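According to this note's numbering, the sequence shown holds residues 29 to 539 in order. For glycine and all other residues, C-beta sits at the position ideal for the given N, C-alpha and C. Because the structure is a prediction, the values reported are computed rather than measured.
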Amino acid sequence: MADNTAGCFAGLLRPLRQALRPKSRQEIPIAGTAASKHLDTHKHVEETDEPAPVYLSCCNFDCGIDADSWSTLDKPPTYTAGRIYRSDIFDTIESSVTALDPSLREISLQIHDHPELMFQERFAHDTLTAFMSEHGFTVTKHYLGLETAWKAEWANGSGGRVLGINSEMDALPEIGHACGHNLIAIAGVGVALAVKQAMQKHDITGKIVLLGTPAEEGGGGKAILLERGGYDEMDACIMCHPMPGPERSAAIVSSLSMQPIEIEYFGHAAHAAAFPWEGTNALDAAFLAYSAIAVLRQQIKPDYRVHGVIKAGNLVSNIIPDYVKMVWAVRAPTKVELEVLRERVKACLESAAAATGCKTKVVLGRPYYDIRQNITLAQDFENVMLQYDFKTAIVPDTHSASTDFGNVSYGNRSIIELPALHPSFGIDHFPNSAVCDRAAHTDYLAIPTEPNGGNHTPAFATAAGTPEAHQATLLTVKGLAMTGTRLLDDSDFYQQIKQDFEKSKQTQNPA
29 MADNTAGCFA GLLRPLRQAL RPKSRQEIPI AGTAASKHLD THKHVEETDE
79 PAPVYLSCCN FDCGIDADSW STLDKPPTYT AGRIYRSDIF DTIESSVTAL
129 DPSLREISLQ IHDHPELMFQ ERFAHDTLTA FMSEHGFTVT KHYLGLETAW
179 KAEWANGSGG RVLGINSEMD ALPEIGHACG HNLIAIAGVG VALAVKQAMQ
229 KHDITGKIVL LGTPAEEGGG GKAILLERGG YDEMDACIMC HPMPGPERSA
279 AIVSSLSMQP IEIEYFGHAA HAAAFPWEGT NALDAAFLAY SAIAVLRQQI
329 KPDYRVHGVI KAGNLVSNII PDYVKMVWAV RAPTKVELEV LRERVKACLE
379 SAAAATGCKT KVVLGRPYYD IRQNITLAQD FENVMLQYDF KTAIVPDTHS
429 ASTDFGNVSY GNRSIIELPA LHPSFGIDHF PNSAVCDRAA HTDYLAIPTE
479 PNGGNHTPAF ATAAGTPEAH QATLLTVKGL AMTGTRLLDD SDFYQQIKQD
529 FEKSKQTQNP A
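And the structure:
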């Protein structure tokens with residue numbers, strides 16, 4: 029399917045912000061944007077629970093933490109600057125990432141200037157796999173049956189732990205890399221190569237697995253790879269994501285579990301003036317469903333979200349509509365809560381069909397689950413980033429939008445546990461005005477966007493290609509690489525990671 033709904037990762041500590049549509053939009057050619065043909069004949073199909081790629085742009089990471097609020101977050105510091113694990117490894121990673129800078133910048137701009145929609149990231153797939161092969165990784169293209177997924181792996185010695193890393197690649201319809209996945213792509217590559225260098229130089233046993241994960245923006249590429257065993261050998265998995273936020277900042281938060289739903293109502297057309305009694309009105313069914321869900325919102329918790337749109341066909345006022353489609357996103361803080369809320373929403377949708385005499389086809393997209401952030405990994409990352417004057421907010425009980433990395437943090441199949449870390453890193457609007465003297469901010473290391481230019485806007489697509497965005501990404505790469513290397517080298521550290529994962533299972537999802 030190719031339905032596109034509004035972005036979904038806006039406002040982690042304040043209500044979801046509605047993206048403003050600018051008067052003019054930057055035109056970026058995007059692979060695979062041809063409009064899908066509308067069905068000429070609507071046939072009733074029975075409901076199915078098989079996950080489908082319902083298009084929901086699902087990551088819109090817009091932290092929304094005001095600059096003045098970061099210093100007031102009530103979280104006692106666990107580490108102090110200067111107290112890091114093995115300064116020799118830190119120096120190796122620092123020099124490795126610095127050496128990679130020009131190559132990573134070139135790849136980032138290539139992907140940024142060649143945006144591709146979910147499951148169509150062929151240019152990114154070929155570019156990234158070629159680069160990883162050149163740097164000594166064993167590469168599997170078209171991994172696990174997904175044309176644009178890939179795997180790059182490298183091991184030092186036999187045995188040891190396995191560090192998993194993700195690189196996202198897909199863009200958004202019409203506005204390109206407006207969620208900065210070109211930065212996420214090179215971040216994964218940079219972390220993998222820096223960890224490899226540290227393992228070689230300091231004789232650390234273990235394995236690196238970097239996955240190129242397609243279709244985060246609605247297709248659930250990571251969830252598919254997870255179901256097919258792509259994460260089974262990992263002992264932990266890490267990645268990062270750009271977000272709006274103060275200069276030199278990071279946030280480690282959770283996400284909302286999300287269930288996409290498409291429902292089609294099939295009625296019977298008739299002349300609205302001459303023979304209205306012969307019609308069955310599909311638009312009436314959609315109206316009742318929308319109204320029922322609006323009423324349902326009075327009885328759901330404040331951190332639940334249900335939002336949708338009506339996508340009708342060629343409607344005219346003098347014909348009873350025989351077909352209407354609706355697209356919905358249902359969100360809740362945890363997987364367990366989502367399952368309950370989803371059934372309440374489905375009841376609203378189906379009762380509208382019963383009330384109007386319409387038939388329905390319901391398609392449940394692949395669900396996204398909340399992120400179980402590992403606190404031990406988070407605190408170590410925070411400590412490393414202090415070396416670069418980063419302020420990191422660790423608020424794992426904060427939920428907003430949705431990402432398929434949440435599914436990874438739950439594990440699957442033979443995996444009993446898969447600790448995960450997913451920091452969002454310092455992307456800022458310039459200080460409080462649309463015009464800023466950037467010459468006065470030569471050390472500014474956050475993505476320079478205009479006010480109201482957060483994720484999933486044309487302004488953010490432009491910002492994701494800037495030198496400032498690149499430098500902020502590289503600093504985050506250094507932090508993740510250091511934490512990932514410690515996971516491979518420090519057994520006591522890994523045991524604490526596992527203990528925290530077990531604790532998170534009890535506190536986040538007691539059911």
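Nearest residue (CA-CA) to residue i, options the options
i: residue 325; options: 339, 370 and 354; result: 370
i: residue 160; options: 373, 132, 137 and 145; result: 132
i: residue 320; options: 224, 280 and 377; result: 377
i: residue 309; options: 288, 347, 448 and 330; result: 347
i: residue 500; options: 372, 274, 406 and 265; result: 274
i: residue 184; options: 223, 314 and 170; result: 223
i: residue 480; options: 206, 534, 357 and 237; result: 206
i: residue 225; options: 126, 203 and 265; result: 126
i: residue 134; options: 213, 169 and 349; result: 213
i: residue 356; options: 202, 292, 489 and 265; result: 292
i: residue 217; options: 413, 194, 333 and 208; result: 194
i: residue 236; options: 202, 189, 208 and 210; result: 189
i: residue 526; options: 264, 245 and 156; result: 264
i: residue 332; options: 168, 359 and 315; result: 359
i: residue 259; options: 534, 433 and 510; result: 433
i: residue 138; options: 341, 114 and 209; result: 209
i: residue 489; options: 244, 140 and 136; result: 140
i: residue 532; options: 401, 454 and 302; result: 401
Which residues DSSP lists as bridging residue i, in chain order
i: residue 289; result: 356 and 392
i: residue 387; result: 294
i: residue 299; result: 347
i: residue 178; result: 169 and 240
i: residue 339; result: 353
i: residue 512; result: Looking at the DSSP assignment, residue 512 forms no beta bridge with any residue, so it has no partner.
i: residue 308; result: 296
i: residue 195; result: 240
i: residue 419; result: 277
i: residue 265; result: 192 and 448
i: residue 200; result: 204
i: residue 334; result: 358
Close beta carbons around residue i, own chain, < 8 Å, minus the five adjacent residues each side
i: residue 103; result: The predicted model places residue 103 with a pLDDT of 45, which falls under 50 and marks its position as unreliable, so this point remains unresolved.
i: residue 256; result: 172 and 173
i: residue 166; result: 180, 181 and 182
i: residue 304; result: 298 and 348
i: residue 300; result: 307, 345, 346, 347 and 348
Whole-Å CB distance - residue i paired with residue j, under 8 Å assumed
i: residue 182; j: residue 240; result: In fact, because the Cβ distance is near 15 Å, the residues do not count as touching under 8 Å.
i: residue 448; j: residue 437; result: 4 Å
i: residue 508; j: residue 262; result: That pair is no contact at about 15 Å.
i: residue 352; j: residue 313; result: 7 Å
i: residue 238; j: residue 163; result: Residue 238 to residue 163, Cβ: 11 Å. No contact.
i: residue 143; j: residue 192; result: Actually they are not in contact, since the Cβ atoms of residue 143 and residue 192 sit about 26 Å apart, beyond 8 Å.
i: residue 511; j: residue 412; result: 6 Å
i: residue 404; j: residue 524; result: 5 Å
i: residue 516; j: residue 227; result: 7 Å
Spatial distance of residue i from residue j (CA atoms)
i: residue 284; j: residue 112; result: 32 Å
i: residue 483; j: residue 270; result: 8 Å
i: residue 290; j: residue 528; result: 37 Å
i: residue 153; j: residue 493; result: 19 Å
i: residue 409; j: residue 120; result: 17 Å
i: residue 108; j: residue 487; result: The predicted position of residue 108 is uncertain, since its pLDDT is 43 and thus under 50; a value taken from the coordinates is nonetheless stated next. The straight-line gap from Cα to Cα measures roughly 36 Å.
i: residue 364; j: residue 397; result: 9 Å
i: residue 123; j: residue 252; result: 36 Å
i: residue 367; j: residue 375; result: 13 Å
i: residue 323; j: residue 485; result: 31 Å
i: residue 187; j: residue 233; result: 7 Å
i: residue 381; j: residue 335; result: 19 Å
i: residue 392; j: residue 219; result: 35 Å
i: residue 505; j: residue 202; result: 29 Å
i: residue 286; j: residue 215; result: 26 Å
i: residue 200; j: residue 229; result: 40 Å
Residues near residue i by beta carbon distance below 7 Å, same chain, minus five either side
i: residue 110; result: Reliability fails at residue 110, whose pLDDT of 48 lies under 50, so the model's placement of it is uncertain and no value is given.
i: residue 242; result: 146, 147, 149, 174, 176, 177, 197, 198 and 249
i: residue 406; result: 280, 422 and 449
i: residue 128; result: 218 and 221
i: residue 254; result: 435, 436 and 440
i: residue 427; result: 282, 283, 284, 331, 361 and 398
i: residue 460; result: Because the pLDDT of residue 460 is 36, which lies under 50, any placement of that residue in the model is unreliable, and the number read from its coordinates should be weighed accordingly. If we look at residue 460 and ignore the five residues flanking it on each side, it has no Cβ neighbours.
Same chain, Cβ closer than 6 Å to residue i, neighbours up to 5 away in sequence not counted
i: residue 418; result: 276 and 278
i: residue 544; result: Because the chain is modelled from 29 through 539, residue 544 falls outside the range shown and cannot be assessed.
i: residue 169; result: 157 and 178
i: residue 354; result: 291, 314, 336 and 338
i: residue 295; result: 308, 309, 310, 350 and 386
Residue i: CB within 6 Å of a non-hydrogen atom of the ligand HEM
i: residue 114; result: The model depicted lacks the ligand HEM and carries no ligand whatsoever.
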